[in-house]
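Our numbering applies: residue 90 is where the sequence shown begins, and numbers increase by one.
C-beta atoms are modelled at their ideal positions from N, C-alpha and C, and glycine is treated no differently.
Note that the structure is a prediction, hence the values are computed from the model and not measured.
Note sheet for the following structure.
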Amino acid sequence: MCTPQRPCDGSDKTFTLLGADGLRYQSKTPGTLGGYKPRKLYGRLDCPSALRAIARGGYVRHRVFFEDERTAIAAGYRPCAICLPSAYKQWKTAKGVTD
């Protein structure tokens, strides 16, 4: 039911995001990055790899969202090699990861 305290215009909508501490919290603004919890990786919301996985029926149960890249990194997630290749390369170099 719509009331002055709870309008029907969607202004009371909240989004569940993952914080730097790895805990979920409610936000009035949507996340700018998506993540995949089992592999602890993050990427753009329009990432082709993530969208393919979602289309096949996977990924959604383990999907998380972040306010920004700083928060995703602080939560222990790494950049996606597909949609964030430059950030992934920097992460790989910093971690000493080799193919």
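Taking DSSP as the reference, what is the three-state secondary structure of residue i?
i, result
"Leu130", "strand"
"Leu140", "helix"
"Leu112", "coil"
"Thr105", "strand"
"Gly123", "strand"
Contact criterion: CB-CB distance below 8 Å. Does residue i meet it with respect to chain C?
i, result
"Ala139", "The structure shown contains no chain C; it is built from a single protein chain."
Count the other C-beta atoms from every protein chain shown that fall within 10 angstroms of the C-beta of residue i, then say buried if there are 16 or more, exposed otherwise.
i, result
"Ala183", "exposed"
"Phe104", "exposed"
"Leu134", "exposed"
"Leu173", "buried"
"Pro168", "buried"
"Tyr166", "buried"
Going by beta-carbon coordinates alone, are residue i and residue j separated by less than 8 Å?
i, j, result
"Ala142", "Gly132", "no"
"Ala164", "Leu122", "no"
"Gly124", "Val149", "no"
"Phe155", "Gly120", "yes"
"Ala109", "Thr187", "no"
"Lys126", "His151", "yes"
"Cys136", "Ile162", "no"
| Whole runs of the beta strand (DSSP E) within the region 146-183, excluding any shorter than 3 residues | 152-155
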